[in-house]
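Going down the list, the sequences are from chains D and B.
When we follow my numbering, the leftmost residue of the first sequence carries the number 1, and every step to the right adds one.
When we follow my numbering, the leftmost residue of the second sequence carries the number 1, and every step to the right adds one.
Worksheet for the structure shown next.
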Amino acid sequence: MGAKIIQFDQGWSCLQKGITKLKKILEGAPGGHFSSEEYMALYSTIYNMCSQNSPNYSQQLYEKYGESLTEYIRATVLPSIAENHGEFMLREFVNRWANHKVMVRWLSHFFSYLDRWFVSQKSLPRLKEAGLVVFRECVYEKVKSNVVACVIGFIDKEREGGRIDRGLLKNVVDVFVEVGMGQMGGYEVDFEAEMLADSGEHYSRKAVSWILEDSCPDYMVKAEECLRREKERASHYLHSSSEQKLVEKVQHELLVVHAHQLIDKEHSGFRALIRGDKVEDLSRMFRLYHKIPKGLEPVANVFKQQVTDEGKALVQQAEDAASSQQGSNGAGAEVGLVLIREILELHDKYMAYVTGCFMNHSVFHKALKEAFEVFCNKSVAGISSAELLAGFCDNLLKKGTSEKLSDEIIEETLEKVVVLLAYYSDKDLYAEFCRKKLARRLLFDRSCNEDHEKSFLTKLKQQCGGQFASKMQGMVTDMTLAKDIQTNFEQYLGTNPNVKPGIDLSVTVLKTGCWPNYKSSDLNLPQEMVKCVEVFKGFYDSQTKRRKLAWIYSLGTCNIVGKFEPKPIELVVSTYQAALLLLFNDSDRLSFSEILTQLKLTNEDLVRLLSSLSCAKYKILIKEPNTKTVKPDDNFVFNSMFTDKMRKIRIPLPPMVDEKKKVTEDVDKERKYAIDAALVRIMKSRKVLGHQKLVMECVEMVQSIFKPDIKTIKKRIEDLITRDYLERDHEDSNMFKYVA
Amino acid sequence: MSKLGRGQREKMQQFMTITGASDKVSLQTLKASDWHLEGAFDIFYSQPQIQAHTDSRHLEKLYNRYKDPSVDMILADGISLLCTDLKVDPQDIVMLVVSWHMKAATMCEFSKNEFIDGLEALGIDSLEKFREKMPFMRSELRDEQKFREIYNFAFGWAKEKGQKSLALDTAIGMWQLLFAEKQWPYVEHWCQFLQARHNKAISRDTWSQLLEFARAVDSSLSNYDAEGAWPYLIDEFVEYLKENGVIKSS
């Protein structure tokens with residue numbers, strides 16, 4: 001076609017017809033479509049009007065494009081939405097948007113020439129975009145609050161159990177999203193924020209009434225259900241980005257706001273659930289609070305409190321039992337055994353919850369640990385917690401305990417003890433007590449089973465490091481070596497019959513170093529025993545070079561036959577007791593002082609010895625006068641009429657030293673060395689360090705073995721200053737320097 | 001010499017009493033500081049002491065007067081005589097200052113070198129000059145820095161040769177002497193506390209830290225930091241004060 005100039009009005013009237021037809025189509029009038037000629041006509045008109053040099057109507061046409069849309073909206077769209085309410089209004093809203101999209105599409109096809117040149121020349125928004133913006137500004141902005149309110153109304157209706165048209169709601173939501181044209185801001189601000197606020201209020205109201213009326217498990221079930229439903233709702237008709245926010249909102253209102261009330265509910269809260277072993281409810285509680293950041297903290301705290309209270313009650317029970325049995329020997333020890341067993345059971349019980357209901361979550365492991373640390377370290381009846389635990393182990397490992405436990409159970413229990421040990425702060429004290437008791441078991445052949453001993457030590461090593469059980473392991477190996485030496489000794493006697501001492505002798509040779517230090521008073525041995533010692537010495541010197549034997553008579557046992565008139569009885573006594581009894585082979589009657597001179601013992605030791613033989617259960621000697629305690633002016637006679645129904649009896653000798661005190665002293669000394677070493681090591685690497693930091697690092701270094709006393713650390717620091725390892729800084733007396 | 005006003009004469013008097021300087025020096029210093037006493041003290045103490053020339057023969061004679069007949073040192077008797085000559089009590093704290101100047105190793109004795117070098121450094125070669133110097137030496141105790149040096153010197157000086165720590169009785173005596181000058185309100189409590197609870201020798205660290213404690217911590221102990229690096233004996237002392245109601249515990 002030639003370059004025919006089209007005048008505005010002329011062109012526009014033509015276009016106007018097209019637009020009117022379009023509107024009719026949208027309104028649903030029949031015969032609605034554009035033929036390709038009609039389309040071409042419209043397109044070319046615009047083309048010409050825009051490409052002609054003058055008058056060029058690009059500007060006006062662009063404006064007219066927008067105007068057509070706004071006119072239509074004002075005339076038709078808005079009123080149609082406004083006259084409807086509720087569901088119908090929403091439907092209109094959705095439909096009108098769909099229509100608008102169609103209209104924009106067609107119009108922008110007609111006017112597309114503008115898009116080619118004019119739009120970019122003038123940096124104007126493209127037709128399609130401009131068209132959609134029109135809807136946003138003229139319709140969306142005006143009706144959005146009504147629409148939102150309406151949608152929210154429907155959501156609430158559904159929450160109360162009503163049926164709604166989910167598809168419709170989804171469509172409305174989609175409109176909100178599309179209107180944003182790639183930006184979610186509109187959706188979030190206009191719709192989502194309102195929806196969330198409303199949801200929050202809804203659940204807040206529910207929570208307030210439920211928390212008062214419902215038991216904890218019931219409340220949790222309701223909460224779980226609500227969360228499930230909200231998630232489902234979000235996936236059905238909200239935008240995917242809203243799901244997380246909605247869930248968090250509901251969680252907050254139902255679970256966070258009332259967390260304490262819920263968990264602490266008197267008859268149905270956490271504590272009650274534990275007491276009733278309500279595994280399912282506890283698991284639910286975990287599930288619900290697990291997803292909330294820091295949500296598990298209040299639960300874990302109540303858990304910790306619960307465990308601590310139960311533990312403390314056990315300790316108190318033990319303390320009460322011990323004081324009611326006051327006076328009876330070993331009351332504390334017995335009570336201790338029961339207590340440790342109960343603590344182990346408590347640990348099993350609560351660990352089961354941690355691994356089960358609480359899915360091994362670290363927060364609960366920590367709570368359990370802290371709780372146990374509180375009451376495990378309490379002493380009972382004056383016996384330290386370390387000693388109680390050591391006593392328990394001793395009981396497990398020695399023979400002759402009343403309950404015969406199977407090997408498996410013993411192993412299992414030892415395993416659990418080692419786990420429990422982690423909560424004790426004085427591990428070094430425990431080790432020392434263990435060592436002393438182990439020595440007694442090994443030397444007096446009271447250990448039930450060597451395998452158990454070895455496996456126990458291995459477990460300790462794994463838990464606490466190589467150093468911890470090294471001495472004890474040395475002791476066990478020593479016993480094996482000692483047995484070999486004894487075998488060799490017997491062979492030696494076999495080949496040298498003339499050297500035989502006349503008494504069956506077995507000697508246990510111990511290496512000093514790993515065994516506890518034993519004091520042995522210088523006993524004046526009876527002749528028969530002197531020979532034994534000499535013979536063994538001869539044998540040993542022939543086997544080894546330059547080794548010195550120190551004889552510890554206090555640990556020896558002797559089987560001696562008492563030739564009593566009714567019948568001879570074999571007495572199992574300590575070497576000291578035997579030495580004493582043998583004196584009566586030469587004289588029937590001896591005074592205290594005579595015995596004292598002959599045996600060369602101390603007063604206290606002799607009193608102990610004589611008491612065991614004359615004032616205790618088995619009266620091998622008769623004391624004159626027959627009072628309850630041994631006095632230095634007493635006399636003793638061999639009780640030839642002594643008898644017992646057994647053929648062999650053991651006469652115990654109570655130990656002399658306050659073992660507990662010695663152990664504590666030894667451990668304190670070791671600790672001082674450990675602290676010194678730690679301080680020096682720290683200062684050597686840091687060169688200069690402030691007081692607080694030094695103390696802190698020292699504590700950290702030793703705490704796997706024991707909990708150090710701050711005062712002691714201070715004293716050690718001062719000692720190191722006096723010994724010129726450290727000095728104070730001249731300017732700042734709070735800083736220490738390493739003296740090279 | 002221009003006529004001095006009454007105020008100026010008073011200031012001169014004060015200055016001379018406190019510093020022990022001669023009137024010529026006092027006048028000069030006060031004039032230089034425009035008759036401000038504080039300024040005058042600053043000037044006086046910051047100037048190195050004028051080294052008076054000493055006659056070594058006189059010093060030798062002086063030494064021989066006090067030297068012990070059997071050993072080449074001045075021992076207790078000699079020191080007694082010296083004190084009498086100087087007209088001071090042997091327990092007078094100024095003797096400690098003298099010993100400090102001499103860098104004496106142990107109390108109650110001076111070696112020949114200590115005596116002679118010490119007096120030479122002070123510019124003394126006669127008893128008269130010695131006596132004149134006494135007020136100056138007394139005044140040195142009032143200087144914070146010098147007092148600290150003298151205090152810390154006292155530990156090494158008062159303890160037994162070959163020992164690392166100071167016997168408790170000696171320490172208490174020294175503290176009472178030193179803190180009479182320095183005015184620490186808790187000195188008596190401290191001594192009582194040590195006798196009741198500690199009963200052992202005093203380490204050098206405790207000795208030196210006590211001075212810091214007396215200086216840094218105020219009379220209600222409000223700024224005492226229990227977490228600080230004070231020696232444990234001082235921590236126990238604070239607890240002792242609290243236990244006995246001398247200090248309110250917070």
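Beta carbons: idealized from backbone N, C-alpha and C, even for Gly.
By DSSP, does C558 of chain D sit in helix, in strand, or in coil? strand
Using CA atoms only, rank isn't needed, just tell me which of D:D605, D:K567, D:H33, D:D198 is closest to Y576 of chain D. D:D605
Per-residue burial, Y219 of chain D [other beta carbons within 10 Å of its own, 16 or more giving buried]: buried
Quick one: is M95 of chain B buried, meaning 16 or more other Cβ sit within 10 Å of its Cβ, or exposed? M95 of chain B is buried by the Cβ-count criterion.
Do you know offhand how far Y289 of chain D's Cα is from K369 of chain D's? 21 Å
Per DSSP, cross-strand counterpart(s) of I383 of chain D: Looking at the DSSP output, I383 of chain D sits in a beta bridge with D:V380.
Let me make sure I understand the geometry here. Which of D:P632, D:R681, D:K24 has the alpha-carbon closest to that of K737 of chain D? D:R681
Beta bridge counterpart(s) of V702 of chain D as assigned by DSSP: In DSSP, V702 of chain D forms no bridge with anything.
Where the region 210-237 of chain B meets chain D: residues whose CB sits under 8 Å from a CB there: E212, E227, G228, A229, P231, Y232, D235
The region 180-189 of chain D touching the region 95-106 of chain D, judged by at least three CB pairs closer than 8 Å: no
Tell whether a beta-carbon distance below 8 Å holds between F135 of chain D and V179 of chain D. Closer than 8 Å, so yes.
Using a Cβ cut-off of 8 Å, which residues of the region 173-203 of chain B contact any Cβ in chain D, in chain order? Of all residues in the region 173-203 of chain B, only S203 place a beta-carbon less than 8 Å from a beta-carbon of chain D.
At least one CB of chain B closer than 8 Å to the CB of Y725 of chain D: is that the case? Residue-level contact by beta carbon fails for Y725 of chain D and chain B, as no gap is shorter than 8 Å.
Rounded to a whole number of angstroms, what is the C-alpha to C-alpha distance between I569 of chain D and T413 of chain D? Each residue's Cα considered, the two are about 40 Å apart.
Residues, ordered as in the chain, of the region 109-136 of chain B that lie near chain D by beta-carbon distance below 9 Å: none
Closer than 8 Å at the beta carbon, the chain B residues around S733 of chain D: Q209, E212, A229
Considering only the beta carbon of each residue, do P652 of chain D and R608 of chain D sit closer than 8 Å? no
For Q261 of chain D, collect the residues of the same chain with a Cβ closer than 8 Å to its Cβ; drop the 5 residues on either side in sequence, then sort them by chain order. Non-local beta-carbon contacts of Q261 of chain D in its own chain, meaning distances under 8 Å to residues more than five positions away in sequence, involve I211 in chain order.
Could you tell me whether the Cβ of K164 of chain B comes closer than 8 Å to any Cβ of chain D? yes
Taking a contact to mean a Cβ-Cβ separation below 8 Å, would you say C448 of chain D touches A390 of chain D in this structure? no
Between the Cα of F41 of chain B and those of B:H58, B:E60, B:Q14, B:L59, spot the shortest distance and give me the residue it belongs to. B:Q14
How many Å lie between S640 of chain D and H452 of chain D at the Cα? 44 Å
Leaving out five residues on either side along the sequence, give the residues of the same chain with a beta carbon under 8 Å from the beta carbon of I19 of chain D. S68, L107
Three-state secondary structure (DSSP) of T17 of chain B: Note: T17 of chain B maps to helix in three-state DSSP.
How many angstroms separate the CA atom of G11 of chain D from the CA atom of C50 of chain D? 11 Å
Keeping to the same chain, check which residues put their C-beta closer than 8 Å to that of G538 of chain D; ignore five residues upstream and five downstream. So the qualifying residues of the chain are V499.
Taking DSSP as the reference, what is the three-state secondary structure of R728 of chain D? R728 of chain D: strand per DSSP, three-state reduction.
Enumerate in chain order the residues of its own chain whose CB-to-CB distance from H267 of chain D is below 7 Å, with the five nearest sequence positions on each side excluded. Excluding sequence positions up to five before and after H267 of chain D, its CB lies less than 7 Å from no other CB in the same chain.
Helix, strand or coil for W515 of chain D? Go by DSSP, reduced to three states. strand
For I682 of chain D, decide whether its Cβ has a neighbour in chain B, counting only Cβ atoms nearer than 8 Å. no
Can you tell me the Cα-Cα spacing of S470 of chain D and V476 of chain D, whole angstroms? Going from the Cα of S470 of chain D to the Cα of V476 of chain D covers about 10 Å.
What did DSSP end up calling K737 of chain D once you bin it into helix, strand or coil? strand
Going along chain B, which residues have a C-beta under 9 Å from I595 of chain D? Those within 9 Å of I595 of chain D in chain B number zero; the least Cβ separation is about 42 Å.
So, helix, strand or coil for D23 of chain B, using DSSP? It is helical.
Chain B contact residues for H805 of chain D, given Cβ-Cβ distances below 7 Å: Chain D is shown only over 1 to 740; residue 805 of chain D falls outside these bounds and no answer can be derived.
Taking Cβ positions only, does D34 of chain B come closer than 8 Å to chain C? Going by chain labels, chain C is absent from the structure shown, which instead holds the protein chains D and B.
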